[in-house]
Each structure stands twice: as structure tokens, then as C-alpha cells.
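Asker:
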Amino acid sequence: MLRIIKSFSRRVLASLFGRKSTVKIGFYGPPNAGKTSLANRICKDWTGEEIGVVSKVPHETRHVQFKEKVEIKHKGKNLTFKMVDTPGIATKIDYEDFLKYGIKKNEAKRRAKEATQGIIESIQWLDDMEAVVIVLDATENPYSQVNITIIGNLVARKIPILIVANKIDLRKADIKKIGAAFPEYEIVGLSAKEGTNMDEFYEALFRLAKKT
Amino acid sequence: MSKRTFKGLSLHVIPYAEIEPMGISERVKKILSLVLGNKIVIIHGRLRAEEEARLIEDTMAMVDHIKHFKGIELAVIEPNLSDKSLLVKMRYGLAKRLVGDSSALTIIGPSSIVKEIKRDPRKIELLLS
Chain A
87 MLRIIKSFSR
97 RVLASLFGRK
107 STVKIGFYGP
117 PNAGKTSLAN
127 RICKDWTGEE
137 IGVVSKVPHE
147 TRHVQFKEKV
157 EIKHKGKNLT
167 FKMVDTPGIA
177 TKIDYEDFLK
187 YGIKKNEAKR
197 RAKEATQGII
207 ESIQWLDDME
217 AVVIVLDATE
227 NPYSQVNITI
237 IGNLVARKIP
247 ILIVANKIDL
257 RKADIKKIGA
267 AFPEYEIVGL
277 SAKEGTNMDE
287 FYEALFRLAK
297 KT
Chain B
-8 MSKRTFKGLS
2 LHVIPYAEIE
12 PMGISERVKK
22 ILSLVLGNKI
32 VIIHGRLRAE
42 EEARLIEDTM
52 AMVDHIKHFK
62 GIELAVIEPN
72 LSDKSLLVKM
82 RYGLAKRLVG
92 DSSALTIIGP
102 SSIVKEIKRD
112 PRKIELLLS
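Protein chains in written order, with my numbering: chain A, 87 to 298; chain B, -8 to 120.
Put into C-alpha cells, the structure is as follows:
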């Protein structure tokens, strides 16, 4: 409740006193879609430092992590963002899934416990966002209820959305399928790992920031 | 409320009228208590976005505290109105406002039983463990 009041008062103050100096932007999506990879790519491009650790193991990000004051310059314009990288949202967590990656049982159980708490944390942070980049894996079926639930919650809170179809460097990637699943939203295809199409992404990010 | 059992698989159908007067906590609690009883819940209608988020939050809290509970599979099937006329869309929107979104179907099952709910615009498949 406190977060909702804080978020509401910030929006009212921003509309009364003009443009905000910093836009708080969240990276949301299912696990292993590449949220941290994209946040790292942006932070590395503009601050020289990364925001978090990336791995093939799902739920590598189990706590919300930030990068304050990331100043992005694009085509003569300047904007400062606060980057908020969130744990991937899922409806199930099974510690046995971590065993497949060679993680020992006790460590897998600890990861699973932290992952459940990370998901709760991600959802609770939704109210605090001013704009959200939804990162989807372009090789996966986009018609998952988690994706729809995240978007539905952002729409209900009137938070502007940009959808990123990540991993376009992979042969199985299908941006058109993501576009067909979410026709109301702007979709940018990119590869955070390879840094492909980042120019188009920054352009879309500036348009997104304008909507806040 | 009706209940059907097929070879150890239990489906629990909840009519929209039954959950309509409930608050968010009550709805989520009812769904999760059925899912914890290893039932696949089919709701006539859909939860609001914030209720779906709350369902995920409470599910995660339970995964953390209840042994052998790994979570849920969740899917919503809605009528496809993309190729329908504006009049049909407006009629649907009005009916939704007046009587709630009872044209959708929400399927929620324990992930130990429902391995995956595959969805695309044309079909929905429940893959059981």
C-alpha cells in the first residue's frame, strides 16, 4: 500500500513540476530470457560496469538489483535512467531442475528457496516502476500466462511498456510470433549477448521514457 | 459447483457466480486450497491481472513452506475477437462490464500433475506428468 501511495505521489509531483531528471526503468520477464544480459549490455555501454551475473542456469538473478544514474546519449539527446533488474517471474520452482546443471542438492534447494522469494520481490516492485522493458526469449513460445500476467499488471498500473525479443542471434528466434502475440505493443528484436540492434533499442527506450 | 474424476485426475469446475462476490484473498485462497488437494481447477471466467499476480506470489510463498509443492501451471482461454466486427467487440466489452468476464476459462493445476499448458492462438494442450 505504501509503495502505491509513493508511486502515485511521485507521478503527481512529476506532472506538476515538469520532466523527471531520472527515469526508473524495470527489466521484467520470465527466467532466462536475458534481462540481466540486456541490463548489463546497457550499463556496460554507458557506465563501463555490469549490473549482475549472467549464467545458463535459470533464476541466476534472485534479488532485485540496481544501477543508479545510467546516462544514455542517443542522437544528440540525453536521458538518465535508474536501471532495475528483476528476478524472472515463474509459477513453479523445482529444486531438481537445478540439479541438471551440476548443482549439488543442498545448493539447489537454497537456490530454489531464494528464487521463490525473488519472484515475490519482483511482483512487489511492479508498483515502483515508471516504465518497463519486458524481455522475452525470441526462441520460446510467447503465449505463456506469465507474460500475459506481467503485461496485464503493468497495463492496470498504467506503466508504459516496451517489449524486447531477445536472442535474435539464434536460428530458432521468431520475432513475428512475439509481434502476433502482443500486437498492441512496440517490439524490438535484439541480441543482448552479441549487442545486435542496440541502436533501434535505444531509440525505442527514449520513446518509452517520453511516455512516463 | 461440479466435480468430475477421471482415472485419478480430478477436475474441479468453479462457476463464475461462485467466485464473483469474493475478495482477492478469498479467491486466491480457495484456488490454492483446491490445487494443494491435487485438483485441476477450471474457473468460468478469468481473474483480474492483480489477482493473477497475487496467485503467483502466494504460490511462491507456499512452495517455500509446503514440502513437495512445486507450484502451479496457469492458463486463460479467451474468445478470439481479433477478426470480429467493432460492434461484436463493443457488445463483448459491455457484457464484460455488466456481468464480469465469464466468457473466458481459467485453468490452474498443480505443476506436479500438469507438466505444461501449451497455448497458441488456436489451441490449448494440457501435458500431464
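Heads up, the beta-carbon is just placed ideally off N, CA and C, and yes, glycines get one too.
Give the residues of chain C in contact with V67 of chain B, contact being defined as C-beta atoms less than 8 Å apart.
Answerer: Absent here is chain C; the protein component of the structure consists of chains A and B.
Asker: Report back the beta-carbon spacing between I158 of chain A and Y288 of chain A to the nearest angstrom; my notes put them in contact at under 8 Å.
Answerer: For this step, residue 158 of chain A is matched to residue 72 along the first sequence. For this step, residue 288 of chain A is matched to residue 202 along the first sequence. About 6 Å; that satisfies the 8 Å criterion.
Asker: Going by DSSP in three states, T50 of chain B sits in which element: helix, strand or coil?
Answerer: Along the second sequence, one-based indexing puts residue 50 of chain B at 59. Residue state, collapsed to three classes: helix.
Asker: If distances are taken between C-alpha atoms only, which option among B:G28, B:K58 and B:A52 comes closest to P101 of chain B?
Answerer: For the purposes of this step, residue 101 of chain B is identified with residue 110 of the second sequence, where counting begins at 1. Comparing alpha-carbon positions, the option among B:G28, B:K58 and B:A52 lying closest to P101 of chain B turns out to be B:G28.
Asker: Mind checking which residues open and close the alpha helix (DSSP H) that includes F292 of chain A?
Answerer: Mapped onto the first sequence, residue 292 of chain A falls at position 206. Per DSSP, F292 of chain A belongs to the alpha helix (DSSP H) from M284 to K296.
Asker: Which residues in the same chain have their Cβ closer than 7 Å to the Cβ of V54 of chain B, if we skip the five residues on either side of it in sequence?
Answerer: Locating residue 54 of chain B in the second sequence gives position 63, counting from the first residue. Hits under 7 Å: F60, K61 and G62.
Asker: Let's see if you can read the secondary structure: which residues bound the beta strand (DSSP E) around L248 of chain A?
Answerer: Here residue 248 of chain A corresponds to residue number 162 of the first sequence, with the count starting at 1. Where L248 of chain A is concerned, the enclosing beta strand (DSSP E) stretches over I247 to N252.
Asker: Would you mind listing the beta strand (DSSP E) stretches within the stretch 96 to 174 of chain A that are 3+ residues and don't spill past its ends, in chain order?
Answerer: 108 to 114, 151 to 160 and 163 to 171
Asker: D49 of chain B to I237 of chain A, Cα distance in whole Å?
Answerer: Position 58 of the second sequence, counted from the start, is the residue given in the question as residue 49 of chain B. Position 151 of the first sequence, counted from the start, is the residue given in the question as residue 237 of chain A. Their Cα atoms are separated by approximately 19 Å.
Asker: Does DSSP classify T(-4) of chain B as helix, strand or coil?
Answerer: For the purposes of this step, residue -4 of chain B is taken as the residue at position 5 of the second sequence. The predicted position of T(-4) of chain B is uncertain, since its pLDDT is 47 and thus under 50; no value can be drawn from it.
Asker: In or out: H149 of chain A buried (at least 16 other Cβ within 10 Å) or exposed?
Answerer: For the purposes of this step, residue 149 of chain A is taken as the residue at position 63 of the first sequence. So H149 of chain A ends up on the exposed side.
Asker: Taking K155 of chain A as the reference, which of A:G162, A:I175, A:W132 and A:E146 has the closest Cα?
Answerer: One-based indexing of the first sequence puts residue 155 of chain A at position 69. Ranking the options by Cα distance to K155 of chain A, first place goes to A:W132.
Asker: Using beta carbons (cut-off 8 Å, strictly below), is Q151 of chain A in contact with chain B?
Answerer: Numbered from 1 along the first sequence, position 65 holds the residue referred to as residue 151 of chain A. Closer than 8 Å: no.
Asker: The beta strand (DSSP E) spanning I63 of chain B covers which residue range?
Answerer: Within the second sequence, residue 63 of chain B is the residue found at index 72, counting from 1. Note, I63 of chain B: beta strand (DSSP E), I63 to I68.
Asker: Tell me the rounded alpha-carbon separation between N283 of chain A and F113 of chain A.
Answerer: On the first sequence, position 197 is the one that residue 283 of chain A refers to. On the first sequence, position 27 is the one that residue 113 of chain A refers to. Each residue's Cα considered, the two are about 18 Å apart.
Asker: Is R110 of chain B helix, strand or coil by DSSP?
Answerer: Counting from 1 along the second sequence, the entry for residue 110 of chain B is found at position 119. DSSP places R110 of chain B in strand when its eight states are reduced to three.
Asker: Roughly how many whole angstroms lie between the Cα atoms of T108 of chain A and E64 of chain B?
Answerer: The sequence position of residue 108 of chain A within the first sequence is 22, counting from 1. The sequence position of residue 64 of chain B within the second sequence is 73, counting from 1. Going by the C-alpha atoms only, they are around 38 Å apart.
Asker: Determine the closest residue to Q203 of chain A out of A:Y187, A:K186, A:Q231 and A:I179, with distance taken between C-alpha atoms.
Answerer: Numbered from its first residue, the first sequence carries residue 203 of chain A at position 117. Of the candidates A:Y187, A:K186, A:Q231 and A:I179, the one whose C-alpha sits nearest the C-alpha of Q203 of chain A is A:I179.
Asker: Just by C-beta distance, which residues in the stretch 23 to 49 of chain B are closer than 7 Å to chain A?
Answerer: Cβ contacts with chain A come from A40, E41, E43, A44, I47 and E48.
Asker: Report the rounded CA-to-CA distance for A290 of chain A versus H3 of chain B, giving the unit in angstroms.
Answerer: Taking the first sequence and counting its residues from 1, one reaches residue 290 of chain A at position 204. Taking the second sequence and counting its residues from 1, one reaches residue 3 of chain B at position 12. For A290 of chain A and H3 of chain B, the distance between alpha carbons rounds to 45 Å.
Asker: Is any beta-carbon of chain B found at less than 8 Å from that of N239 of chain A?
Answerer: Reading the first sequence from its first residue, position 153 is the one you call residue 239 of chain A. By this cut-off, N239 of chain A is an interface position.
Asker: With DSSP as the reference, identify every bridge partner of A198 of chain A, one or two as the case may be.
Answerer: Stepping through the first sequence from its first residue, residue 198 of chain A is reached at position 112. For A198 of chain A, which the question treats as bridged, DSSP gives no partner whatsoever.
Asker: Does any residue of chain B have a CB that is nearer than 8 Å to the CB of G104 of chain A?
Answerer: Your numbering for residue 104 of chain A matches position 18 in the first sequence. Because the pLDDT at G104 of chain A is just 49, under 50, the model does not fix this residue reliably, and the point stays unresolved.
Asker: Residues in its own chain within less than 6 Å of L240 of chain A by CB, not counting five upstream and five downstream?
Answerer: Position 154 of the first sequence holds residue 240 of chain A. Taken in chain order, the residues that qualify are V218 and I247.
Asker: Taking Cβ-Cβ distances shorter than 7 Å, what residues in chain B pair up with T202 of chain A?
Answerer: In the first sequence, the residue the question calls residue 202 of chain A occupies position 116. Result: M51, V54 and D55.
Asker: List the endpoints of the continuous beta strand (DSSP E) containing L96 of chain B.
Answerer: Counting from 1 along the second sequence, the entry for residue 96 of chain B is found at position 105. Looking at the DSSP string, the run of the beta strand (DSSP E) that includes L96 of chain B is L96 to P101.
Asker: Please report whether the beta-carbon of S102 of chain B lies at a distance below 8 Å from any beta-carbon of chain A.
Answerer: Start at 1 with the first residue of the second sequence, and residue 102 of chain B comes out as number 111. Answer yes: the Cβ-Cβ gap between S102 of chain B and chain A drops below 8 Å somewhere.
Asker: Can you tell me the Cα-Cα spacing of A300 of chain A and E280 of chain A, whole angstroms?
Answerer: For residue 300 of chain A there is no data in the structure shown, the boundaries of chain A being 87 and 298.
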